[in-house]
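Novice:
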Amino acid sequence: MIATVVGNYPKIGVDAQSPNLRSAISRFDSGQITEEELHRIEDEVTKGVIEEQLEAGLDMITDGQIRWEDGQTYFAGKIQGFRITGLIRYFDTNTYYRQPIAEERLQWQGPISLRDYRFAASISSKPVKAVITGPYTLAKLSKGPFYNDFKSLVMSLADILNQEAKALAQAGASVIQFDEPAILNNKGDFPLFQEAMNVLIRGVSSKTALYTYFGDISDLHPGFFELPVHILGLDFVVGTRNWAFLKDFPTDKELGLGIIDARNTKLETVEKIIEAIERASKHVSLNRLHINPSCGLEFLPRSNAYSKLVRMVEAAARAKELLS
Amino acid sequence: MTRGLLTTAVGSYPKPDYLLKARNQVARGKLDNKDLQELEKRATAHWIKVQEDLGMDVLVDGEMYRGDMVTYFSENMEGFAISGLVRSYGNRYYRKPIAVAPVGRSRPVSVEWWQYAQSLTDKPVKGMLTGPYTMADWSFNEYYPSREAFIIDLARSVHEEALDLERAGAEYIQIDEPAVSTRPDEMELAARALGIVTKGLRAFTITHVCYGDFASVFDQLIRLPVDMLDLEMANSNYELLKLLKGNSSDKYLSMGVVDVHNHVIETVDHVKRGIRLGLEVFPPERLYIDPDCGLKTRTDEEAIAKLQVTVTAVRETKKELGIE
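In order, the protein sequence lines correspond to chains A and B. To convert, count from 1 in the first sequence and add 1325; that's the working numbering. By the working numbering, the letter at position 166 of the second sequence is numbered 155, and the numbering carries on one by one without gaps.
Laid out in structure tokens, this is it:
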């Protein structure tokens, strides 16, 4: 059983003494500090976030995605052919992202997230999961006037992000996670999604994970379980219907069990978390479970995110004792 | 002659620098709330004068005293705590309300500010409320067992507030529900809650809705229990009008004709073309003209220029069509 996170972590610390990214960005925007200084502060904040995840007792962490303005911009901003434009609401949340527009043929110009992965891996005592916004979701949240149809945009991004994943794998990333929340709202596109996944993981030597959140996989079942990745992440907070599908969960795959509500501050009880793990363990053996929040933790203030992780780790340890 | 095509605004205007600085000083304990309030009054008076000078018909107070449309009300209600910082987008953060006990109102929240703004002008000033669905959707919930229970409790409080505004003399009451279109499966609940708010009101009621997949909720949207819908049109290139065409509702429409997320000031001709499109669907007596959304993210100059072009376009259109 692995205690882990899905992706992002709140950027602003509780301690007033710790480096503050918010003021650093605003000082950078007004020309008071250089880009190098901003990057140094981003590194310091990343370091703090990694230490916090390790302190909470996670077995596998992420770099907290401190440098990501949002899941789209971070990648699209460095893919040639995209222009980053106005704010759009991100799914049904009260957060916004900048919409990328593919105005020319999209091209990978070299690794986007590799430097950040290496930095995190070099300072973490536990494995660091590399995270990539998946091609379907990236395409769905963008516009692609250059492309004749949506499918060409998705497949072009699948190819580009495949190169990104291969670069991460070569650098030693043991687990590479692709985030694809958008497929849950667009189930009719599943055949295209399958095609994109096949291209995406081609030649990637790492263990691969596919995470969905903000919904459930009803109508995608059973094809979803046959997708060519090692770990499938599901949201059991918004997607309560996902419980019903676990009885068919494949024996050769691992499950990302999103049972901690990453969108509400209410702290789960240890008992409730153990109960959920026990429920999942009836269908998926403990050694194939990743216990994690329902989605990235950045919807929460930092102190709440940390408390939730501590609680999750405690419950996971107790569940292991009880159920092994 | 036909009457109509009144001009109005959605709600917020940019805060002047002295106010931003003062709010900052209050947060650091360097200025007291009384001094801040004096500055907020000064800024409110500025915006009332701007709107009067431009010749607008139905005014707003500009929300100089509000940080965030949800946090403002929750801070002044019972049952809410305020969270640590969460990110909205880019480098923008806010504190989110947390329902920790039954929510309710011990006294009017917005009435004094409405009275102050109305005392500065003979034109009607809208009473501005945040709707129950949006209040709940943009808060954390640690108390209520269901979203429904939370939303209905809020609806009762917002109704009391609306009654107080009406007693104070508000002829127009706007209930903002920007979150209402984010989850089609909860539209019925949102409509029911809005019905609780507007029940028995004699004032003219408006709801402002934005950022959504309107097509899927249109039938419910057009039946929301208010006199007028306020919708953004400019930033979607008036696509929404196609949906409204041929509907048999007797609702009024307040139509956004300038994009609030763009620095570029629309031309008078461009706005006039938009107004003509609106007039193809609504008679002038049921059509109001305003910016797409609150203008608080624009600079002072941009906001005034966008209001100016709106008013000029309306004035010219009225003259061309002989509307009084």
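Just so you know, even glycine gets a beta-carbon here, dropped at the ideal spot from N, CA and C.
1) Any C-beta of chain B sitting closer than 8 Å to the C-beta of F1407 of chain A?
2) May I have the straight-line CA-CA distance separating T1410 of chain A from R156 of chain B, to the nearest angstrom?
3) In the segment 1348 to 1382 of chain A, which residues sit with their C-beta less than 8 Å from some C-beta in chain B, listed in chain order?
4) At a Cβ threshold of 8 Å, is T1462 of chain A touching chain B?
5) My output table needs one value for W1393 of chain A: the three-state DSSP class, helix, strand or coil.
6) In chain order, what residues of the same chain lie with their CB nearer than 6 Å to the CB of L1466 of chain A, ignoring the 5 residues before and after it?
7) From B:V215, B:C199, B:L154 and B:G267, pick the residue whose C-alpha is nearest to that of G184 of chain B; which is it?
8) Can you list, in chain order, the residues of its chain with a C-beta nearer than 6 Å to that of T(-3) of chain B? Leave out the 5 residues immediately preceding and following it.
9) If the cut-off is 7 Å on Cβ atoms, which residues from the segment 74 to 90 of chain B count as contacting chain A, listed in chain order?
10) Touch check for the segment 172 to 190 of chain B and the segment 116 to 124 of chain B: three-plus C-beta pairs under 8 Å?
11) CB-CB under 7 Å to Y7 of chain B, same chain, minus the five flanking residues each way: which ones, in chain order?
12) When the Cα atoms are used, what is the spatial distance from K391 of chain B to M117 of chain B?
13) How would you list, in chain order, the residues of chain A whose beta-carbon sits under 9 Å from the beta-carbon of N130 of chain B?
14) Using a Cβ-Cβ cutoff of less than 7 Å, which residues in the same chain neighbour V300 of chain B once the five nearest sequence positions on both sides are dropped?
15) Which word fits A90 of chain B, buried or exposed, when buried means at least 16 other C-beta atoms lie within 10 angstroms of its C-beta?
16) Quick one: what does DSSP say Y1472 of chain A is sitting in, helix, strand or coil?
17) Run through chain A and tell me which residues come within less than 9 Å of R172 of chain B, C-beta to C-beta.
18) Verify the CB distance criterion: does L1412 of chain A have a CB-CB separation below 8 Å to chain C?
19) Cα separation between S72 of chain B and I87 of chain B?
20) For T1420 of chain A, would you say it is in contact with chain B, using Cβ-to-Cβ distances shorter than 8 Å as the test?
21) Measure the alpha-carbon distance for I1327 of chain A versus H1615 of chain A and round it to whole angstroms.
22) Say whether the segment 1624 to 1642 of chain A touches the segment 1377 to 1387 of chain A, bearing in mind that this needs 3 or more beta-carbon pairs closer than 8 Å, one atom from each stretch.
23) Anything in the segment 111 to 136 of chain B with a Cβ closer than 8 Å to a Cβ of chain A? List those residues in chain order, please.
24) Skipping 5 residues on each side, what residues in its chain have a beta carbon closer than 7 Å to that of F316 of chain B?
25) If you drop the 5 nearest sequence neighbours on each side, which residues of the same chain put their C-beta closer than 6 Å to that of V257 of chain B?
26) Are V(-1) of chain B and G283 of chain B touching if we call contact CB-CB under 8 Å?
27) Taking only beta carbons into account, state which residues of the segment 234 to 253 of chain B come closer than 8 Å to chain A, listed in chain order.
28) I want to know whether the segment 1577 to 1591 of chain A touches the segment 1514 to 1522 of chain A - three or more CB-CB distances under 8 Å.
29) Note down, in chain order, every chain B residue with its Cβ under 7 Å from the Cβ of S1628 of chain A.
30) So does the segment 1503 to 1511 of chain A actually touch the segment 1449 to 1463 of chain A, counting three or more Cβ pairs closer than 8 Å?
31) State the Cα-Cα distance for the pair V1339 of chain A and D1441 of chain A, rounded to the nearest angstrom.
32) Just the Cα atoms here: how many angstroms apart are I254 of chain B and E291 of chain B?
33) Are the beta-carbon atoms of I1337 of chain A and R1627 of chain A separated by less than 8 Å?
34) Please classify A1445 of chain A as buried or exposed, where buried requires at least 16 other C-beta atoms within 10 Å of its C-beta.
35) Is the Cβ of K1512 of chain A closer than 8 Å to any Cβ of chain B?
36) Within 10 angstroms of its Cβ, does G311 of chain B collect 16 or more other Cβ (buried), or is it exposed?
Specialist: Let's see:
1) One-based indexing of the first sequence puts residue 1407 of chain A at position 82. No, F1407 of chain A does not count as interfacial toward chain B.
2) Position 85 of the first sequence holds residue 1410 of chain A. Position 167 of the second sequence holds residue 156 of chain B. Taking the straight line from one Cα to the other gives about 45 Å.
3) I1350, S1351 and D1354
4) Within the first sequence, numbered from 1, the residue matching residue 1462 of chain A stands at position 137. Judged by the 8 Å Cβ criterion, T1462 of chain A is not in contact with chain B.
5) As a position in the first sequence, residue 1393 of chain A is number 68, starting the count at 1. Correct three-state label for W1393 of chain A: coil.
6) Residue mapping note: residue 1466 of chain A aligns to position 141 of the first sequence, counting from 1. Excluding sequence neighbours, L1466 of chain A sits near Q1397.
7) Stepping through the second sequence from its first residue, residue 184 of chain B is reached at position 195. Closest by alpha carbon: B:V215.
8) Counting from one through the second sequence, the residue named residue -3 of chain B turns up at place 8. Excluding sequence neighbours, T(-3) of chain B sits near V47, Y277 and D279.
9) L74, V75, R76, S77, Y78, G79, N80, Y82 and I87
10) yes
11) The count along the second sequence starts at 1 and reaches residue 7 of chain B at position 18. So the qualifying residues of the chain are L28.
12) This structure gives no information on residue 391 of chain B, because the portion of chain B shown stretches from -10 to 313.
13) Against the second sequence, residue 130 of chain B aligns to sequence position 141. Result: N1589, T1590 and K1591.
14) Taking the first residue of the second sequence as position 1, residue 300 of chain B is located at position 311. Contacts found: T(-4), L43, G44 and M45.
15) Numbered from 1 along the second sequence, position 101 holds the residue referred to as residue 90 of chain B. With fewer than 16 other Cβ atoms within 10 Å, it is exposed.
16) Walking along the first sequence from the start, residue 1472 of chain A turns up at place 147. Residue state, collapsed to three classes: coil.
17) For the purposes of this step, residue 172 of chain B is identified with residue 183 of the second sequence, where counting begins at 1. Residues of chain A passing the Cβ test: D1417.
18) Among the protein chains of the structure shown, namely A and B, there is no chain C.
19) As a working note, residue 72 of chain B is residue 83 in the second sequence. As a working note, residue 87 of chain B is residue 98 in the second sequence. Answer to the nearest angstrom: the Cα atoms are 6 Å apart.
20) Position 95 of the first sequence, counted from the start, is the residue given in the question as residue 1420 of chain A. For T1420 of chain A, the answer is yes, since a Cβ of chain B falls inside 8 Å of its Cβ.
21) Residue numbering aside, residue 1327 of chain A sits at position 2 when the first sequence is read from its first letter. Residue numbering aside, residue 1615 of chain A sits at position 290 when the first sequence is read from its first letter. Distance between the alpha carbons of I1327 of chain A and H1615 of chain A is about 5 Å.
22) yes
23) D126, W127, F129, N130 and E131
24) Residue 316 of chain B lies beyond the residue range present for chain B, which begins at -10 and ends at 313; the question has no answer from this structure.
25) The residue labelled residue 257 of chain B in the question sits at position 268 within the second sequence. Taken in chain order, the residues that qualify are V298, T301 and A302.
26) Locating residue -1 of chain B in the second sequence gives position 10, where the first residue counts as 1. Locating residue 283 of chain B in the second sequence gives position 294, where the first residue counts as 1. Closer than 8 Å, so yes.
27) H250 and N251
28) no
29) By 1-based counting over the first sequence, the position of residue 1628 of chain A is 303. Within chain B, the residues near S1628 of chain A are G73.
30) yes
31) The residue given as residue 1339 of chain A occupies position 14 in the first sequence. The residue given as residue 1441 of chain A occupies position 116 in the first sequence. Rounded to whole angstroms, V1339 of chain A to D1441 of chain A spans 23 Å at the Cα level.
32) Here residue 254 of chain B is taken as the residue at index 265 of the second sequence, counted from 1. Here residue 291 of chain B is taken as the residue at index 302 of the second sequence, counted from 1. Taking the straight line from one Cα to the other gives about 7 Å.
33) What you label residue 1337 of chain A is simply residue 12 of the first sequence in a count that begins at 1. What you label residue 1627 of chain A is simply residue 302 of the first sequence in a count that begins at 1. It is a contact, given that the beta carbons lie within the stated cut-off.
34) Counted from its first residue, the first sequence places residue 1445 of chain A at position 120. So A1445 of chain A ends up on the buried side.
35) Here residue 1512 of chain A corresponds to residue number 187 of the first sequence, with the count starting at 1. Not one chain B Cβ lies under 8 Å of K1512 of chain A.
36) Looking up residue 311 of chain B in the second sequence gives position 322. Exposed, since its Cβ has fewer than 16 Cβ neighbours within 10 Å.
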